[in-house]
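Protein chains: 2
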Amino acid sequence: MKPYVEMTKEELQELRKELSAQYKEFQGRDLKLDMSRGKPSAEQLDISMGMMDVLSSNDDLTCDDGTDCRNYGVLDGIKEAKELLADMMEVAPDHIIIYGNSSLNVMYDTVSRSMTHGVMGSTPWCKLDKVKFLCPVPGYDRHFSITEYFGIEMINVPMTPTGPDMDLVEQLVAADDSIKGIWCVPKYSNPQGISYSDETVRRFARLKPVASDFRIYWDNAYTIHHLYDNEQDHLIEILAECKRAGNPDMVYKFASTSKVSFPGSGIAAIAASENNLTDIMKQLKIQTIGHDKVNQLRHVRFFGDIHGMVEHMRKHADIMRPKFEAVIETLEKELGGLEVGEWTCPKGGYFISFDSLDGCAKTIVAKCKKAGLVMTGAGATYPYGKDPHDSNIRIAPSYPTLPDLKQAMELFALCVKIVSIDHILSEMA
Amino acid sequence: MKPYVEMTKEELQELRKELSAQYKEFQGRDLKLDMSRGKPSAEQLDISMGMMDVLSSNDDLTCDDGTDCRNYGVLDGIKEAKELLADMMEVAPDHIIIYGNSSLNVMYDTVSRSMTHGVMGSTPWCKLDKVKFLCPVPGYDRHFSITEYFGIEMINVPMTPTGPDMDLVEQLVAADDSIKGIWCVPKYSNPQGISYSDETVRRFARLKPVASDFRIYWDNAYTIHHLYDNEQDHLIEILAECKRAGNPDMVYKFASTSKVSFPGSGIAAIAASENNLTDIMKQLKIQTIGHDKVNQLRHVRFFGDIHGMVEHMRKHADIMRPKFEAVIETLEKELGGLEVGEWTCPKGGYFISFDSLDGCAKTIVAKCKKAGLVMTGAGATYPYGKDPHDSNIRIAPSYPTLPDLKQAMELFALCVKIVSIDHILSEMA
Chain P
1 MKPYVEMTKE
11 ELQELRKELS
21 AQYKEFQGRD
31 LKLDMSRGKP
41 SAEQLDISMG
51 MMDVLSSNDD
61 LTCDDGTDCR
71 NYGVLDGIKE
81 AKELLADMME
91 VAPDHIIIYG
101 NSSLNVMYDT
111 VSRSMTHGVM
121 GSTPWCKLDK
131 VKFLCPVPGY
141 DRHFSITEYF
151 GIEMINVPMT
161 PTGPDMDLVE
171 QLVAADDSIK
181 GIWCVPKYSN
191 PQGISYSDET
201 VRRFARLKPV
211 ASDFRIYWDN
221 AYTIHHLYDN
231 EQDHLIEILA
241 ECKRAGNPDM
251 VYKFASTSKV
261 SFPGSGIAAI
271 AASENNLTDI
281 MKQLKIQTIG
291 HDKVNQLRHV
301 RFFGDIHGMV
311 EHMRKHADIM
321 RPKFEAVIET
331 LEKELGGLEV
341 GEWTCPKGGY
351 FISFDSLDGC
361 AKTIVAKCKK
371 AGLVMTGAGA
381 TYPYGKDPHD
391 SNIRIAPSYP
401 TLPDLKQAME
411 LFALCVKIVS
421 IDHILSEMA
Chain G
430 MKPYVEMTKE
440 ELQELRKELS
450 AQYKEFQGRD
460 LKLDMSRGKP
470 SAEQLDISMG
480 MMDVLSSNDD
490 LTCDDGTDCR
500 NYGVLDGIKE
510 AKELLADMME
520 VAPDHIIIYG
530 NSSLNVMYDT
540 VSRSMTHGVM
550 GSTPWCKLDK
560 VKFLCPVPGY
570 DRHFSITEYF
580 GIEMINVPMT
590 PTGPDMDLVE
600 QLVAADDSIK
610 GIWCVPKYSN
620 PQGISYSDET
630 VRRFARLKPV
640 ASDFRIYWDN
650 AYTIHHLYDN
660 EQDHLIEILA
670 ECKRAGNPDM
680 VYKFASTSKV
690 SFPGSGIAAI
700 AASENNLTDI
710 MKQLKIQTIG
720 HDKVNQLRHV
730 RFFGDIHGMV
740 EHMRKHADIM
750 RPKFEAVIET
760 LEKELGGLEV
770 GEWTCPKGGY
780 FISFDSLDGC
790 AKTIVAKCKK
800 AGLVMTGAGA
810 TYPYGKDPHD
820 SNIRIAPSYP
830 TLPDLKQAME
840 LFALCVKIVS
850 IDHILSEMA
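Chains as they are written, first to last, in my numbering: chain P, 1 to 429; chain G, 430 to 858.
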């Protein structure tokens, strides 16, 4: 196909008519497709149904150390669950705390605690005139919502194919002591599916922030969420790297089993240095008597160990892989060579990122919606919902069935074409 | 028995010798008894083991409205769980939000949110010079820990047999706009087992606080935790009473199934007015995608409805009743007429409150410990751990077996006798 920008006005107008007819045809189908969130599909949930059978009234709900999981207590999680999640998070069991069902909740609580009580003895952020966070963009909307909710100023840092622009990150944290954190999804990032390069991680570990309470918020949400067996991205483990670099306290690492077992009822965890964990435990013991240990035990009994968990993730991959490939194939087939957008081809995670021509994303998403396809809102991948180029659209292939997904992507590509033509025509006028 | 104070020095000294010998004998038994916390016993946990069987891989984990409990979403709880907990909390299902496994966590989060974001638009408490809470005493140590952690000044309000001293409460909240809350366990209170009288509840609902962001923290932890079928305390429902009194927004009501199903993995809830819930939801949607719906469904399938839950509580009562009665009997038998202490005789809840002679509580608890019996720390029932009379001791009969409990109470009574004699003798000197 010829790039649209190389086509004449007449050619574009002619093409526009054809595409409009196709769009009307789509509208006639009365579709109800949802690609807005990174929700696992029913098929994926089914592979974890064995979770419901591993604990019965005939089973002993006691840990190896004698802890009765049914009763109160054990603030930081049962030993077995710490081992399992430590293996998943590539840290020592002593360096993690197990929480409830949501790592987002852990991140929220971490920011909230810093607001009211500071970080390892620093001034509570609510007492400061200004608190800022660095936000690699495009990024995860729920991260940005937390910092926005607490009135924390967010500074965009562009993503590159190897991670955030580290020149900028280094420069900013070394210059401004009101910068207290940076949101990272370092592996199969949301939404681009980028994994930070070795150099990026090393530079993170060697940051020299002026703020002693600066922390890297390392949300390793997709740590074992590969699509392929052999082609897997590898990420340098950040806690160990920070320790080697002499910055052991500079990072909080988050993860959960939300996209391993059940999204509604997984277990979440934080990993950090001993100093940080001591600081966190001071607060945690006030907040709760303990998180749900029965659910921790359920996870341990179901997965057995990290090998069991990795094997389980292959089942997820078998369901996700064709969906990712269908998205990429459709984009290649429908938009390849048209020069109206670019997209990523991740090897894991939950998202594909699409960048349209500048100024087109909102219109594309709106056009999809009018034909029954809900995409993540354009702008959602930027702080305050403001994409300065109005170009980024997050594609979440997991939830629809494969036939629905193919249909959805055809519709999406069609909307991209129409909106791009309109855009090019308006530039010609 | 003759009251100790009416005995001569010589009589007391003689008695002291006998009691010392008995104490030595106890020490020789090498006991390890724990009455420190309101923890259900293993026997109580066993009656909920059916919880582990109601959801299997053969079951459909879908709600009546089609919600798949395994996946993300439903911030305020599934409809069926809201109905069940609404019935337990005696409010409408529309007026509650279901949380995770810990009502303490809900209370913490409520105070934390008020610190960072205020209450329904009020100034965030962290921006105020002074924030104060009223604390009916004796009360629940974990409540006091939350307010202490946030630097909130705590003001003691004496408990009476009908609830907190309402004259004082009314006077304080009407005079001081830095008073933002009051901690209440209104039914079978911790530690006294007192239920607030109708008049007390009505006066609560009619409070005229100068602070518009003043809230009653109504922790109805023991709402269905009766010991007897016919002799049950009744509490006026506070949300409805506040509404009738023209103060619909003045109360947050908390509860959980921690002492109904499993302490480690129950479900918690808040009940409040629509205005308050809207305010809370603004924060909650930032904090999490949703709490554990599978566990909510598990509770619904296990209990069926409120009748099932009430029937279940009869099984708890059958285990708890003999323990409460054993404590009271031992206190009556060992200490009756000696005038060295007073105790409550609750009809529900988890605690019995004992008041020793002034200045004796710490020593009694220490003496128990030296013979292998751990009681709740003396002072724990007061803010900052400071009992001004050093007299209150919380007795938690639930955790030990009945034989252990009887032994523990004999030891406790013995320690009370010894310490009281020492105290009286020192006063004579």
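Beta carbons: idealized from backbone N, C-alpha and C, even for Gly.
Straight-line spacing of the CA atoms in E311 of chain P and Y779 of chain G works out to 46 Å. Taking a Cβ-Cβ threshold of 7 Å, the residues of chain P close to M544 of chain G are T116, in chain order. Distance check between L33 of chain P and each of P:C368, P:M281, P:I421, P:K386 places P:C368 closest, using alpha-carbon atoms only.
Between M710 of chain G and chain P, the shortest Cβ-Cβ separation is not below 8 Å.
If you look at K561 of chain G, you'll find it in the beta strand (DSSP E) that goes 561–566. For F732 of chain G, the closest of G:E628, G:D488, G:A510, G:A674 by C-alpha to C-alpha distance is G:A510.
In the structure shown, the three-state DSSP call for P383 of chain P is helix. Under the 8 Å criterion on CB atoms, P40 of chain P is classed as interfacial with respect to chain G. For the pair M313 of chain P and R458 of chain G, the Cα-to-Cα distance works out to about 54 Å.
Just measuring C-alpha positions, the residue of P:R70, P:N105, P:E18 sitting nearest Q716 of chain G is P:N105. Within the segment 136–167 of chain P, S145, I146, Y149, F150 place their CB atoms closer than 7 Å to a CB of chain G, listed in sequence order. Chain-ordered listing is empty here: chain G has no CB closer than 9 Å to the CB of Y222 of chain P, the nearest sitting near 15 Å.
A distance below 8 Å separates the beta carbons of T576 of chain G and M583 of chain G. The segment 742–804 of chain G contains, as complete alpha helix (DSSP H) runs of 4+ residues, the segments 790–799 (chain order). At a C-beta separation below 7 Å, S531 of chain G has these neighbours in chain P: T288, I289. At a Cβ-Cβ threshold of 8 Å, Y811 of chain G and P567 of chain G count as neighbours. Under a criterion of Cβ atoms nearer than 7 Å, no residue of chain G is adjacent to S197 of chain P; the nearest Cβ is some 30 Å distant. For R823 of chain G, the uninterrupted beta strand (DSSP E) run begins and ends at 821–824, by DSSP. In the three-state reduction of the DSSP assignment, I667 of chain G falls in the helix class, which pools H, G and I.
D68 of chain P is bridged by DSSP to P:T62. In this structure, DSSP gives E660 of chain G a state outside helix and strand, which the three-state scheme calls coil. Taking a Cβ-Cβ threshold of 8 Å, the residues of chain G close to K293 of chain P are G693, S694, in chain order. Judged by their CB atoms, E771 of chain G and D787 of chain G are not nearer to each other than the 8 Å cut-off. N276 of chain P and D605 of chain G have their C-alpha atoms roughly 38 Å apart. At least 8 Å separates the CB of S607 of chain G from every CB of chain P.
By the Cβ criterion, the segment 530–545 of chain G is in contact with the segment 644–655 of chain G, since at least three pairs of Cβ atoms, one from each stretch, lie closer than 8 Å.
With respect to the 8 Å criterion, L514 of chain G and K714 of chain G are not classified as neighbours on the basis of their beta carbons. Scanning G:I781, G:I653, G:P817 for the CA closest to the CA of C789 of chain G turns up G:P817. Residue contact with chain P for G814 of chain G: absent (no Cβ-Cβ distance below 8 Å to any residue of chain P). A buried status is given to Q44 of chain P, since no fewer than 16 other beta-carbon atoms sit within 10 Å of its beta-carbon.
With contact defined as three or more Cβ pairs closer than 8 Å, the segment 543–561 of chain G and the segment 257–276 of chain P are not in contact. Assigned with DSSP and collapsed to three states, H655 of chain G falls in strand.
Taking a contact to require three or more Cβ pairs closer than 8 Å, the segment 755–772 of chain G and the segment 826–845 of chain G qualify as touching.
When the alpha-carbon of H736 of chain G is set against those of G:K722, G:I709, G:M517, G:D523, the nearest one is in G:M517. Using a Cβ-Cβ cut-off of 8 Å, G359 of chain P is close to nothing in chain G; its nearest Cβ partner there is about 30 Å away.
Scanning the segment 673–717 of chain G for uninterrupted alpha helix (DSSP H) segments of 4 residues or longer gives 703–716, listed from N- to C-terminal end.
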